[in-house]
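Colleague:
There are 2 protein chains.
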Amino acid sequence: MSGILYVVGIGPGSMDGMTLKAREALEKSDVIVGYKTYNALVEPYFEGKRYIETPMTGEEERCRLALEEARGGGTVSLICSGDPGVYGMAGLVLETARSYPDVEVRVISGVSAAMSGAALLGAPLVHDFAVISLSDRLTPWDKIEKRLQLAAQADMVIVLYNPSSKGRKDHLRRAVKILGTVLPGDRICGIAGRIGREGESSSILTLDELAGAGTDMFCTVFVGNSETVEIGGKMVTPRGYRSER
Amino acid sequence: MSGILYVVGIGPGSMDGMTLKAREALEKSDVIVGYKTYNALVEPYFEGKRYIETPMTGEEERCRLALEEARGGGTVSLICSGDPGVYGMAGLVLETARSYPDVEVRVISGVSAAMSGAALLGAPLVHDFAVISLSDRLTPWDKIEKRLQLAAQADMVIVLYNPSSKGRKDHLRRAVKILGTVLPGDRICGIAGRIGREGESSSILTLDELAGAGTDMFCTVFVGNSETVEIGGKMVTPRGYRSER
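Protein chains in written order, with the numbering used here: chain B, 1 to 245; chain E, 246 to 490.
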């Protein structure tokens with residue numbers, strides 16, 4: 001008997017950031033697997049399920065655990081914050097699922113922090129953009145540096161995921177230093193913090209100010225392109241519609 | 246009396262791709278403004294509203310119309326497909342709203358085609374990526390070319406919006422030619438078509454094959470990075486978790 005494993009993005013952090021399709025997948029599931037913070041978020045809304053908590057790291061074990069639960073005919077949801085395909089579990093699940101041919105994997109997309117953070121700050125992503133993670137846990141730092149430099153040269157808006165954490169306090173400062181070799185110090189930037197959760201915050205500042213800004217692992221950082229402006233406290237990148245005028 | 250204008254992303258194309266927050270905004274609204282295709286999508290679910298249809302272009306007029314409706318105390322939703330902040334109306338609304346200080350603008354994010362198309366294809370975006378539109382309606386083509394080249398040099402996954410339309414049939418072919426100066430012809434690529442709508446399709450192919458592929462304005466194209474692979478008919482970019490093994 002074949003089982004189903006939904007890899008579900010629950011959006012930025014509050015229940016209402018989830019899509020109707022994600023909610024449906026959770027409703028259909030017998031078992032919900034996830035990091036404890038995300039399980040705690042959905043548990044009050046989906047009763048009568050079996051919840052399995054896994055630690056933040058140990059992603060491979062989490063995938064195998066979810067696939068084991070689905071093997072044999074179960075319906076299981078593995079939940080991720082934001083979108084499961086953006087620095088999420090979708091890829092690893094599909095890789096691991098090769099050993100579980102009797103499980104059908106369905107990826108249910110969600111609103112990633114690039115979009116929810118952008119909405120909080122205004123509209124910084126209205127034109128071409130690059131999404132780059134500053135975590136060097138799985139990527140060599142020199143590759144991250146190269147991407148930052150080229151994205152800045154391309155005049156794309158840049159969204160930085162994982163700007164800092166306990167183990168890497170100075171990554172944002174180092175990234176700003178590299179961006180500063182291409183971009184002016186007064187470039188408009190923004191920080192979105194704890195999006196959709198208690199303590200949600202947003203601030204608009206310059207690239208120079210960003211170097212010294214306090215961020216944590218719940219922050220997403222936006223670096224504007226050459227046309228990005230601040231309008232009434234919002235960060236806005238014009239698409240160019242003004243040429244119609 | 247101040248009004249509220251929600252700029253709402255309704256997701257990829259079917260009702261269940263919308264977030265609960267987006268649904269809530271539409272429920273609260275007296276007036277819903279949008280392109281006719283999107284209005285037709287939501288109208289059966291939100292009755293008793295006044296619907297105002299606007300043509301696909303004429304974005305400035307659409308913004309002003311929505312702001313005029315909200316001025317004086319109304320609650321209005323301006324709907325966009327995908328996310329309103331990604332090649333959407335959020336920026337122009339915030340710019341235009343300077344002339345409407347009595348209207349509060351709230352951007353409600355949605356699932357953009359980068360995410361929903363990725364879920365359809367598998368998990369191509371698990372690592373850093375760039376989102377680039379091939380429409381030169383509002384951007385000079387040489388700027389688009391430069392961004393393509395630099396994104397390819399940065400070894401980022403590349404998502405192409407607006408790969409073609411009636412007026413620009415050969416843009417995808419021209420883009421592939423530029424990418425081909427940096428990337429090998431056998432680079433794994435994917436096309437997601439009519440995401441979340443009738444006739445939804447997906448295909449995985451090489452960069453060489455992409456040059457001759459038929460796409461339309463409802464397609465989103467994905468160009469893998471150097472680690473992207475095809476696994477059981479899915480396009481997967483590993484994040485690097487394998488290093489844990």
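Note that beta-carbon positions come from the ideal geometry of N, C-alpha and C, so glycine has one too. All figures in this text were calculated on a predicted structure; none of them were measured in a lab.
Express the C-alpha separation of E:Cys-308 and E:Pro-300 in angstroms, rounding to a whole number.
Modeller: 12 Å
Colleague: To which residues of the same chain is E:Ala-311 closer than 6 Å at the C-beta, ignoring the five residues directly before and after it?
Modeller: Cβ neighbours of E:Ala-311 beyond the five flanking positions: Leu-250, Val-278, Val-321, Leu-323.
Colleague: By DSSP, does B:Val-236 sit in helix, in strand, or in coil?
Modeller: DSSP places B:Val-236 in strand when its eight states are reduced to three.
Colleague: Can you give me, in chain order, the residues of the stretch 7-38 of chain B that have a beta carbon less than 9 Å from any beta carbon in chain E?
Modeller: Val-7, Gly-9, Gly-11, Pro-12, Ser-14, Met-15, Asp-16, Gly-17, Met-18, Thr-19, Leu-20, Lys-21, Ala-22, Arg-23, Glu-24
Colleague: Using a cut-off of 8 Å between C-beta atoms, extract the partners of E:Ser-361 located in chain B.
Modeller: Ser-109
Colleague: Could you tell me the boundaries of the alpha helix (DSSP H) in which E:Arg-307 lies?
Modeller: Where E:Arg-307 is concerned, the enclosing alpha helix (DSSP H) stretches over 304-315.
Colleague: To the nearest angstrom, report how far apart E:Tyr-332 and B:Gly-72 are at their CA atoms.
Modeller: 44 Å
Colleague: With distances taken between CB atoms, is the gap from B:Val-221 to B:Pro-163 smaller than 9 Å?
Modeller: Going by beta carbons, B:Val-221 and B:Pro-163 fall inside the 9 Å limit.
Colleague: Report the option in B:Thr-237, B:Met-156, B:Gly-3 whose CA atom is closest to the CA atom of B:Pro-124.
Modeller: B:Thr-237
Colleague: Whose C-alpha, out of E:Leu-379, E:Ser-446, E:Ala-399, is nearest the C-alpha of E:Arg-418?
Modeller: E:Leu-379
Colleague: Return helix, strand or coil for E:Ala-399, following the three-state DSSP convention.
Modeller: Looking at E:Ala-399 - three-state DSSP - the assignment turns out to be coil, as it is neither helix nor strand.
Colleague: Check whether the Cβ atoms of B:Gly-193 and B:Ser-202 lie closer than 9 Å to each other.
Modeller: In contact: B:Gly-193 and B:Ser-202 (Cβ atoms closer than 9 Å).
Colleague: Please report how far the alpha carbon of B:Gln-149 lies from the alpha carbon of B:Ala-175, in whole angstroms.
Modeller: 9 Å
Colleague: Quick check on this structure: which residue in E:Ala-458, E:Phe-463, E:Gly-459 has the alpha carbon closest to the alpha carbon of E:Glu-443?
Modeller: Cα-wise, what sits closest to E:Glu-443 is E:Phe-463.
Colleague: Does chain B have any CB closer than 9 Å to the CB of E:Ile-476?
Modeller: yes
Colleague: Just the Cα atoms here: how many angstroms apart are E:Gly-248 and E:Leu-339?
Modeller: 14 Å
Colleague: Give the residues of chain E in contact with B:Arg-62, contact being defined as C-beta atoms less than 9 Å apart.
Modeller: What B:Arg-62 touches in chain E: nothing, since even the nearest Cβ is about 10 Å away.
Colleague: Can you confirm whether B:Leu-5, when its beta carbon is compared against all beta carbons of chain E, has any partner nearer than 9 Å?
Modeller: no
Colleague: At least one CB of chain E closer than 9 Å to the CB of B:His-171: is that the case?
Modeller: Any Cβ of chain E closer than 9 Å to the Cβ of B:His-171 would place that residue at the interface, and such an atom is absent.
Colleague: Excluding sequence positions up to five away, which residues of its chain have a Cβ less than 8 Å from the Cβ of E:Met-260?
Modeller: Leu-286, Val-287, Tyr-290
Colleague: Please report the residue range of the alpha helix (DSSP H) in which B:Ile-188 lies.
Modeller: Per DSSP, B:Ile-188 belongs to no alpha helix (DSSP H); it is in the beta strand (DSSP E), 188-193.
Colleague: Using the Cα positions of B:Gly-224 and B:Arg-187, report the straight-line distance between them to the nearest angstrom.
Modeller: 7 Å
Colleague: In the structure shown, what three-state DSSP assignment does E:Pro-257 receive?
Modeller: coil
Colleague: Tell me, which residues are paired with E:Ala-375 by DSSP?
Modeller: B:Ala-130, E:Ile-403
Colleague: With 9 Å as the threshold, decide whether the Cβ of B:Ile-132 is near any Cβ in chain E.
Modeller: yes
Colleague: Closest by CA to E:Met-401, which one among B:Ala-25, B:Ile-108, B:Lys-146?
Modeller: B:Lys-146
Colleague: Between B:Ser-226, B:Tyr-51, B:Glu-24, which lies nearest to E:Lys-388 when the distance is taken from Cα to Cα?
Modeller: B:Ser-226
Colleague: Tell me where the alpha helix (DSSP H) around E:Val-352 begins and ends.
Modeller: Careful: E:Val-352 lies outside any alpha helix (DSSP H), inside the beta strand (DSSP E) at 348-353.
Colleague: Under the rule that 16 or more other beta-carbon atoms within 10 Å means buried, what is E:Pro-257, buried or exposed?
Modeller: buried
Colleague: Between E:Gly-412, E:Ser-410, E:Thr-451, which has its C-alpha nearest E:Leu-424's C-alpha?
Modeller: E:Thr-451
Colleague: Measuring CA to CA, which of E:Gly-478, E:Pro-329, E:Glu-313, E:Gly-362 is closest to E:Pro-346?
Modeller: Of E:Gly-478, E:Pro-329, E:Glu-313, E:Gly-362, the residue nearest in Cα terms is E:Glu-313.
Colleague: How about B:Gly-224: is its C-beta nearer than 9 Å to some C-beta of chain E?
Modeller: no
Colleague: If you draw a straight line from the C-alpha of E:Ser-361 to the C-alpha of E:Leu-455, how long is it?
Modeller: 20 Å
Colleague: By a C-beta neighbour count over all protein chains shown, 10 Å radius and 16 as the cutoff for buried, is E:Arg-295 buried or exposed?
Modeller: exposed
Colleague: Any beta carbon from chain B within less than 9 Å of E:Pro-483's own beta carbon?
Modeller: yes
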